[in-house]
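Q: The opening residue of the sequence shown carries number 21 in the working numbering; numbering runs sequentially from there. Please see the structure below; I have some questions.
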Amino acid sequence: ADEAEDEKITTKKDFVEFCEQQLNKLQQQQHDDTLWPCESTDKLKDRTRCRQPRNLGSFIKEFKAINRLLVNIKEPALLVAELLGARLYTGPMFVKYNAVLR
21 ADEAEDEKIT TKKDFVEFCE QQLNKLQQQQ HDDTLWPCES TDKLKDRTRC
71 RQPRNLGSFI KEFKAINRLL VNIKEPALLV AELLGARLYT GPMFVKYNAV
121 LR
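Below is the structure:
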């Protein structure tokens, strides 16, 4: 089969509808603490060590400290894009990214 035949084109209307559905789901789940993070009690009995959600602003201090260390050893500083990529890959989207990349 021709690769072009396998491609699917999403219309703007379909995309907007999908995004609205996802937003509605997120809003409904906003206060559900069981969704994420969700380490099992079998693997992590000390519940105080579970992952906690963090906004990107909370990484600034650590990001600057790591960049100072890198510069001190004559290595290039991390880019904000690298921080964002690492954050996305190590957060709840990991499962989806990994499924596509493998």
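Quick reminder that beta carbons are idealized off the backbone N, C-alpha and C, glycines included. Note that this is a predicted model, so its numbers are computed, not measured.
Taking only three categories from DSSP, how would you classify residue 97?
A: Reduced to three states, the DSSP call for residue 97 is coil.
Q: Helix or strand or just coil, what does DSSP make of residue 143?
A: With the chain covering only 21 through 122, there is no way to say anything about residue 143.
Q: Rounding to the nearest angstrom, what Cα-Cα distance links residue 63 and residue 28 in this structure?
A: Each residue's Cα considered, the two are about 41 Å apart.
Q: Consult DSSP for residue 122 and reduce its assignment to one of helix, strand or coil.
A: Here residue 122 sits in coil by DSSP.
Q: Could you check what DSSP says for residue 63 in three-state terms: helix, strand or coil?
A: In this structure, residue 63 counts as coil in the three-state DSSP scheme.
Q: From residue 121 to residue 68, what distance separates their C-alpha atoms?
A: Computed Cα separation, rounded: 32 Å.
Q: Tell me, please, whether the stretch 103 to 121 touches the stretch 68 to 81 by the rule of three or more beta-carbon pairs shorter than 8 Å.
A: Touching, per the Cβ criterion.
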